[in-house]
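Trainee:
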Amino acid sequence: MPLPFATNMRLKLPILAIGLELAMIILFGIFVEYDKDQDIGHQPNRTRHDNRFLALYPLFQDVHVMIFVGFGFLMTFLKKYGFSSVGFNLLIAALGLQWGTLMQGLWHSEGRKFHIDILTLINADFSTASVLISFGAVLGKTSPVQMLVMAIMEITVFASNEHLVAEKLQAQDTGASMIIHAFGAYFGLAVAIVLYRPNLEREPENKASVYHSDLFAMIGTIFLWMFWPSFNSAIAEEGESQYRAIVNTYLALAACVLAAYALSSLVDQRGKLDMVHIQNATLAGGVAVGTCADINIHPFGAMLIGSIAGIVSVLGFKFLTPIFASKLRIQDTCGVHNLHGLPGIIGGLASIVAVAMGATDRTTVAMQAAALGSSLGTAIAGGLLTGLILKIPIWGQPPDQNCYDDVVYWEVPGVEEYHDHTLKHDDHTLEHNDQDEE
Amino acid sequence: MPLPFATNMRLKLPILAIGLELAMIILFGIFVEYDKDQDIGHQPNRTRHDNRFLALYPLFQDVHVMIFVGFGFLMTFLKKYGFSSVGFNLLIAALGLQWGTLMQGLWHSEGRKFHIDILTLINADFSTASVLISFGAVLGKTSPVQMLVMAIMEITVFASNEHLVAEKLQAQDTGASMIIHAFGAYFGLAVAIVLYRPNLEREPENKASVYHSDLFAMIGTIFLWMFWPSFNSAIAEEGESQYRAIVNTYLALAACVLAAYALSSLVDQRGKLDMVHIQNATLAGGVAVGTCADINIHPFGAMLIGSIAGIVSVLGFKFLTPIFASKLRIQDTCGVHNLHGLPGIIGGLASIVAVAMGATDRTTVAMQAAALGSSLGTAIAGGLLTGLILKIPIWGQPPDQNCYDDVVYWEVPGVEEYHDHTLKHDDHTLEHNDQDEE
Amino acid sequence: MPLPFATNMRLKLPILAIGLELAMIILFGIFVEYDKDQDIGHQPNRTRHDNRFLALYPLFQDVHVMIFVGFGFLMTFLKKYGFSSVGFNLLIAALGLQWGTLMQGLWHSEGRKFHIDILTLINADFSTASVLISFGAVLGKTSPVQMLVMAIMEITVFASNEHLVAEKLQAQDTGASMIIHAFGAYFGLAVAIVLYRPNLEREPENKASVYHSDLFAMIGTIFLWMFWPSFNSAIAEEGESQYRAIVNTYLALAACVLAAYALSSLVDQRGKLDMVHIQNATLAGGVAVGTCADINIHPFGAMLIGSIAGIVSVLGFKFLTPIFASKLRIQDTCGVHNLHGLPGIIGGLASIVAVAMGATDRTTVAMQAAALGSSLGTAIAGGLLTGLILKIPIWGQPPDQNCYDDVVYWEVPGVEEYHDHTLKHDDHTLEHNDQDEE
């Protein structure tokens, strides 16, 4: 009764999810084949370790953990939105990796049938990552139906930009600072600006963490932090390039942690650390070192990039996010601008500096700049368009007073029982306190 | 004082655990040797990557994570049974993998000394998985002593059935839909029917989740979901078979998620998602695709199997489980019938269809059907027998009023202090509320 | 106002963290180079799997998970110190692995430039592990500034002892029972004795767990337990040695679990299990089997060592820890003496027995005994010296009444709001209850 629209979810979500899955099955039936490459096959004089796909499989699984545990739990910091954070993350990603496989495969095969292998699975996870970053910008204010629509839209634009940057421009972006992180962040911010809600400007009580929700979020942070070297190296060229991508990312992240802790304490008047900074800014080094990860930037260069990213990220949370919300009408729930947007741009700029200094001859300053421009441009254009589509009032967007609250979409233990036993109570506060105490 | 039997645990658990461990040490001393295969050995012109065991090791560790984190945390959804869920899961599995190593090794060596290698460790984890599935059916109503007895019984039957299916029938069950999942589920259900307690029919207050216990359970779900491709491919033949097992499982799981979300919303009158469905039914695709995982069923075939499993699993939770409890006297705490039982049967049937359609010539329709029948038959017979043994009133089974409550077996923070300070209070409700609020 | 010193953190932590990171960047610039070994390089007739570093990478990532998730979450058992446990663990480790890389590299290169590769990253994680063990001994009673100082001090001593044991004495300690576990434990205990605080003898209310904090700690336990075979085998010689290290550790841990559960129940008057034992003593087998892990001690030998370690560890928690606190003025917060100290010594002694019995000829009884003596001696001496430095009252050590409480260093949700709304309340108990209930 207080949630009239919720009833409609009963038809919207099932119809859309089943419809999309049917479409995926049909499209996979038409376009997708197993890899038959003899390299994978069973050959008489090769032993098990000789099949190349098992060599990439551990890197794939690390990336997989980042997508599902990393992104999923990182967003559980909200006190009443944990089910949606980790649950919708799974839903969006499950759709995203199917659609990403198709989009990237079709671009590559120019519309013909194509094969999938472990590298395909990694790339599908990557395309999904961009959607999950954008999800962070609108977390708590959008319905799962909207997010499924966004996943389809965003991955379509993502695959086009990725094709342009990697194939046409031949730019370098091994760790994807530009094409995933900056792209995902600005796409999400563009969606957020279209979906702006003035009533949420005075931050609702639910848009906060509790003690244990912050610990759940740290599960996400730590898994992202640990496996980021795999993310940045998974599609690097084998040998020295891949090795450098791992080492540079490892060092950038270590340096970033010290910078993030230092700044978090420094910007607080009592010198106290802020969980928001620790959960997010400690990861900025992994984002920022991405584009240059496999280039010879020297170990200390990676550490410098990581330190700068950590500092910029904390400053962004402290000073930019409030301005974005109040002046630019951008309500960035998870602060993806500070974790993915700014560090992604730093990554692109760092690659321009590195190329200008002669660290690699596989690309040029102009191509790197074009790649950054293309990623930002397509992200913002695609995000604004997607935002307009999501604004059509048919996707079950939650009303202002139900934002950041699982109870809109989930059976929440404690809450419903309460309803059943005392139907006369409509008081939401009471109901929620009930939930909190458990 | 309210727990007279608990005192007895002080002797029962230590004597049984130490006795079993001593027996294991003696049996390992008699039967188990290191692998001396020259393939593993240090050979002059081979480099580190050339030893075959390291190639399987990452797959083994993924399976290991599923057993200990996956199963362990999946069962922490109960509000007051988290210590037991993750703790007894560890205890049962630690015994199970030792006993599983022995049982499978002795069948294979026909009673002589045998070697262990990484493949042995994977198979030991597999035999343990069947026990942990059965544990889910009786969770909250059995003592750790009973579970140790069940582990010994079940793995003995499991190894016999596995030997029959794989060696005698030469049936295919790479991902073990039949020999692990269906077997474990029906074994557990058979135990549950023997241990039926009429007083638990009106669901006790403790048999429910709270907000954060559902999030802990999602840790289990996500790790199971991510690493399921490793589970289904770990013992597949190297090369194309193993590659297909990974890709098919990955796609079946992705499709399953969309189907499970759609159905969960559809079967609720207000369209709300149910955490029980999301925690469990999203995994049904991994179970159901298991038997066919390494066969050429086409990518879209894997997605179809996954979707069907997701749908059937949610319908099982919604409509079958209540009937099981009320009419069949089967109280299936975790709903293992919906996650492992039905999808396991779907897996067996799918393999029959695939073989009939000519997808593989390594097995026949008759052998697959015999494998399914054998797995179900031995599971039910073994489970009934085990249930009768567990019903003997010497294993410290908790009384009805203490089911689903850690306080029977664990020092629970808050609860005991309360006791000490206010010995006059025998009121259990108060004591438990205390625990909840922390 | 009740935390006058906290304000000072605003300068101390940023200055120290930024200063140390700058020093690291400069030192890495001077000394550290990428590995240029042609083995890693891209060679025409080699395929991806042929580069040796990818073979070690999965083992490295397992160790990485142990350091950041394992140690980090294991210490979240305290009800109000979860942010600090997992957060400072990350901070200390991020510094430790940079400093460890330098210290170990410089010893090895004798002060010249040196290369880093995946093995270097593993060793850096190892040196960090020793600091995190010591952190457990002083958890809740020290500031992050003190811990950064300790990390620098301890790793310096650690690297010297490791160089002495491995290079000079040529002793065997593959799984590092002596040089990491015993070293880290006794270093931490020596620091704890110097930092002894009589007012904490009557255990403060905050030095306890709540229900969900114990579950968070189990995340740490389980990840440590699962990946310990990787820890003990990561630097073992390839082939049979590495294989044995994995199998022995796996079996020792399985046996240890049964022993730990048995003893935990046995030492409680009502036979109830204690979460402290389960979280810690189940891991003692991994520590104790470390030194002998790659030696031919037979599978049953590994299980014996594991069982003994589990028993000793529980007995240590039950009987030694209280005596340490009351008689020896050693307040060992996490009981690292029982998890790392005693089992580490058992590991060293087991290696002496194994060598005496002729299990290996790569070392001698005398060298193993010298290695154990050196590890204990340098740990205690280094710990006492470090304790004296940390006692200088400039590092922001928390006052007695704020020990084991995140609120000293962190913005804790709920607590600050409370302050803002009701500035007249200075009552800490109220404030904390507030935090608990969320």
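Protein chains in written order, with my numbering: chain A, 597 to 1034; chain B, 597 to 1034; chain C, 597 to 1034.
Glycine is no exception: its CB is placed at the ideal position from the N, C-alpha and C atoms.
Just reading off the beta strand (DSSP E) that VAL628 of chain A is part of, what are its end residues?
Mentor: Translated into positions along the first sequence, residue 628 of chain A becomes position 32. Segment 628-630, the beta strand (DSSP E) holding VAL628 of chain A.
Trainee: Leaving out five residues on either side along the sequence, give the residues of the same chain with a beta carbon under 7 Å from the beta carbon of MET743 of chain A.
Mentor: Residue mapping note: residue 743 of chain A aligns to position 147 of the first sequence, counting from 1. Here the set comprises PHE684, ILE688, PHE731.
Trainee: Whole-angstrom Cβ separation of SER561 of chain C and ALA851 of chain C, contact assumed at under 8 Å?
Mentor: Nothing about residue 561 of chain C can be read from this structure; chain C reaches only from 597 to 1034.
Trainee: Are GLY943 of chain C and SER773 of chain C closer than 7 Å when you measure CB to CB?
Mentor: Taking the third sequence and counting its residues from 1, the one referred to as residue 943 of chain C is at position 347. Taking the third sequence and counting its residues from 1, the one referred to as residue 773 of chain C is at position 177. Their beta carbons are under 7 Å apart, which means GLY943 of chain C touches SER773 of chain C by this criterion.
Trainee: Could you have a look at TRP695 of chain A and say whether DSSP puts it in helix, strand or coil?
Mentor: Taking the first sequence and counting its residues from 1, one reaches residue 695 of chain A at position 99. The answer is helix: DSSP assigns TRP695 of chain A an H, G or I state.
Trainee: For ALA762 of chain B, which of B:TRP703, B:MET746, B:LEU820, B:GLY867 has the nearest alpha-carbon?
Mentor: Position 166 of the second sequence, counted from the start, is the residue given in the question as residue 762 of chain B. With distances taken between Cα atoms, ALA762 of chain B lies closest to B:TRP703.
Trainee: I'd like the span of the alpha helix (DSSP H) that includes HIS933 of chain B, first residue to last.
Mentor: On the second sequence, position 337 is the one that residue 933 of chain B refers to. Segment: none, HIS933 of chain B is in no alpha helix (DSSP H) and carries neither H nor E.
Trainee: TRP821 of chain B by DSSP, collapsed to three states: which one?
Mentor: Position 225 of the second sequence, counted from the first residue, corresponds to residue 821 of chain B. Reduced to three states, the DSSP call for TRP821 of chain B is helix.
Trainee: Return the chain-ordered list of same chain residues with a C-beta closer than 8 Å to the C-beta of ASN892 of chain A, the five sequence neighbours on each side being excluded.
Mentor: Translated into the one-based positions of the first sequence, residue 892 of chain A becomes position 296. Closer than 8 Å at Cβ, skipping near neighbours: ARG840, ALA955, THR956.
Trainee: I'd like the span of the beta strand (DSSP E) that includes ILE712 of chain C, first residue to last.
Mentor: To locate residue 712 of chain C, count along the third sequence from 1; it is residue 116. First-last of the beta strand (DSSP E) with ILE712 of chain C: 710-712.
Trainee: Assign SER705 of chain A to one of two classes, buried (16 or more other C-beta atoms within 10 Å of its C-beta) or exposed (fewer than that).
Mentor: As a first step, residue 705 of chain A must be located in the first sequence, where it is residue number 109. It is exposed - the Cβ of SER705 of chain A has fewer than 16 other Cβ atoms within 10 Å.
Trainee: Taking only beta carbons into account, state which residues of the stretch 692-720 of chain A come closer than 8 Å to chain B, listed in chain order.
Mentor: Within the stretch 692-720 of chain A, the qualifying residues are LEU693, GLN694, ILE712, ASP713, ILE714, LEU717.
Trainee: Curious, which full-length alpha helix (DSSP H) runs of at least 4 residues does the stretch 856-902 of chain B contain?
Mentor: The qualifying runs are 871-876, 880-884.
Trainee: How about ILE926 of chain A: is its C-beta nearer than 7 Å to some C-beta of chain B?
Mentor: Residue mapping note: residue 926 of chain A aligns to position 330 of the first sequence, counting from 1. Cβ-Cβ to chain B under 7 Å: no for ILE926 of chain A.
Trainee: Taking a Cβ distance cut-off of 8 Å, strictly less, list which residues of the stretch 860-894 of chain B are near chain A, in chain order.
Mentor: Result list: SER861, LEU862, ASP864, GLN865, ARG866, GLY867, LYS868, LEU869, ASP870, MET871, ILE874, THR878, ASN892, HIS894.
Trainee: Does the Cβ-Cβ distance between ALA884 of chain B and HIS873 of chain B come in under 7 Å?
Mentor: Here residue 884 of chain B refers to the residue found at position 288 when the second sequence is read from its first residue. Here residue 873 of chain B refers to the residue found at position 277 when the second sequence is read from its first residue. No, the pair does not count as a contact, with Cβ atoms beyond the cut-off.
Trainee: Only counting the same chain, and skipping five residues up and downstream in sequence, which positions put a Cβ closer than 7 Å to that of GLN639 of chain C?
Mentor: Taking the third sequence and counting its residues from 1, one reaches residue 639 of chain C at position 43. Low confidence applies here, because GLN639 of chain C scores a pLDDT of 44, under 50, leaving its location unreliable and the question unanswered by this model.
Trainee: Please confirm if the stretch 907-923 of chain B is in contact with the stretch 970-987 of chain B, defined as three or more CB-CB distances below 8 Å between the two stretches.
Mentor: No, they do not touch.
Trainee: Any C-beta of chain B sitting closer than 7 Å to the C-beta of VAL853 of chain C?
Mentor: Position 257 of the third sequence, counted from the first residue, corresponds to residue 853 of chain C. So, interface residue.
Trainee: Give a yes or no on whether the C-beta atoms belonging to MET662 of chain B and PHE827 of chain B are separated by under 7 Å.
Mentor: Along the second sequence, read from residue 1 onward, the residue named residue 662 of chain B stands at position 66. Along the second sequence, read from residue 1 onward, the residue named residue 827 of chain B stands at position 231. Yes, Cβ-Cβ distance for MET662 of chain B and PHE827 of chain B is below 7 Å.
Trainee: Based on the DSSP secondary-structure assignment, which residues constitute the bridge partners of TRP1006 of chain B?
Mentor: As a first step, residue 1006 of chain B is located in the second sequence; it is residue number 410 there, counting from the start. According to DSSP, which records beta bridges pairwise, TRP1006 of chain B is partnered with C:LEU869.
Trainee: Quick check: ASP810 of chain A and PHE679 of chain A, are their CB atoms within less than 7 Å of each other?
Mentor: Within the first sequence, residue 810 of chain A is the residue found at index 214, counting from 1. Within the first sequence, residue 679 of chain A is the residue found at index 83, counting from 1. The answer is no: Cβ separation not under 7 Å.
Trainee: Quick one: give me the first and last residue of the alpha helix (DSSP H) that LEU984 of chain A is part of.
Mentor: Reading the first sequence from its first residue, position 388 is the one you call residue 984 of chain A. Here the alpha helix (DSSP H) through LEU984 of chain A covers 961-987.
Trainee: How would you call MET963 of chain A, buried or exposed, if buried means at least 16 neighbouring beta carbons within 10 angstroms?
Mentor: Residue mapping note: residue 963 of chain A aligns to position 367 of the first sequence, counting from 1. MET963 of chain A should be labelled buried.
Trainee: Assuming GLY780 of chain A is part of the alpha helix (DSSP H), what are its boundary residues?
Mentor: Residue mapping note: residue 780 of chain A aligns to position 184 of the first sequence, counting from 1. Element bounds for GLY780 of chain A: 779-790.
Trainee: Of all the residues that make up the stretch 789-819 of chain A, which are near chain C by a beta-carbon distance shorter than 9 Å?
Mentor: Cβ contacts with chain C: ALA804, SER805, VAL806, TYR807, HIS808, SER809, ASP810, LEU811, PHE812, MET814, ILE815, THR817, ILE818, PHE819.
Trainee: Kindly list the residues whose CB is nearer than 6 Å to the CB of VAL961 of chain A, restricted to its own chain and excluding five residues on each side of it in sequence; keep chain order.
Mentor: What you label residue 961 of chain A is simply residue 365 of the first sequence in a count that begins at 1. Only ILE948, VAL951, ALA952 meet the Cβ criterion.
Trainee: Where ARG708 of chain B and ILE901 of chain C are concerned, what is the direct C-alpha to C-alpha distance, given to the nearest angstrom?
Mentor: Indexing the second sequence from 1 puts residue 708 of chain B at position 112. Indexing the third sequence from 1 puts residue 901 of chain C at position 305. The alpha-carbon atoms of ARG708 of chain B and ILE901 of chain C are separated by roughly 25 Å.
Trainee: Between which two residues does the alpha helix (DSSP H) harbouring MET774 of chain C extend?
Mentor: In the third sequence, the residue the question calls residue 774 of chain C occupies position 178. No alpha helix (DSSP H) contains MET774 of chain C, which DSSP labels as neither H nor E.
Trainee: Report yes or no: is there a C-beta of chain C within less than 7 Å of the C-beta of ASP1016 of chain A?
Mentor: Translated into the one-based positions of the first sequence, residue 1016 of chain A becomes position 420. For ASP1016 of chain A, the predicted model reports a pLDDT of 42, less than 50, meaning its position is unreliable; a value from the coordinates is still stated below. Closer than 7 Å: no.
Trainee: Considering only their Cβ atoms, is the gap separating LEU820 of chain A from LEU879 of chain A smaller than 7 Å?
Mentor: The sequence position of residue 879 of chain A within the first sequence is 283, counting from 1. The sequence position of residue 820 of chain A within the first sequence is 224, counting from 1. The answer is yes: Cβ separation under 7 Å.
Trainee: Identify, in the order they occur along the chain, each residue of the same chain with its Cβ nearer than 6 Å to the Cβ of THR982 of chain B, setting aside the five sequence neighbours on each side.
Mentor: One-based indexing of the second sequence puts residue 982 of chain B at position 386. So the qualifying residues of the chain are MET746, MET749, VAL787.
Trainee: Once the 5 residues before and after LEU670 of chain C are set aside, which same chain residues still bring their CB inside 7 Å of it?
Mentor: One-based indexing of the third sequence puts residue 670 of chain C at position 74. Same-chain partners within the cutoff: ALA813, GLY816, THR817, LEU820, GLN875.
Trainee: Express the C-alpha separation of VAL734 of chain B and GLN927 of chain B in angstroms, rounding to a whole number.
Mentor: By 1-based counting over the second sequence, the position of residue 927 of chain B is 331. By 1-based counting over the second sequence, the position of residue 734 of chain B is 138. Using only the alpha carbons, I get a separation of about 7 Å.
Trainee: On a CA-only basis, which of B:ILE751, B:LYS987, B:LYS676, B:PHE920 is nearest ILE729 of chain B? Give me that one, please.
Mentor: Translated into positions along the second sequence, residue 729 of chain B becomes position 133. With distances taken between Cα atoms, ILE729 of chain B lies closest to B:ILE751.
Trainee: By how many angstroms is the C-alpha of LEU847 of chain C removed from the C-alpha of TYR630 of chain B?
Mentor: Taking the second sequence and counting its residues from 1, the one referred to as residue 630 of chain B is at position 34. Taking the third sequence and counting its residues from 1, the one referred to as residue 847 of chain C is at position 251. For TYR630 of chain B and LEU847 of chain C, the distance between alpha carbons rounds to 12 Å.
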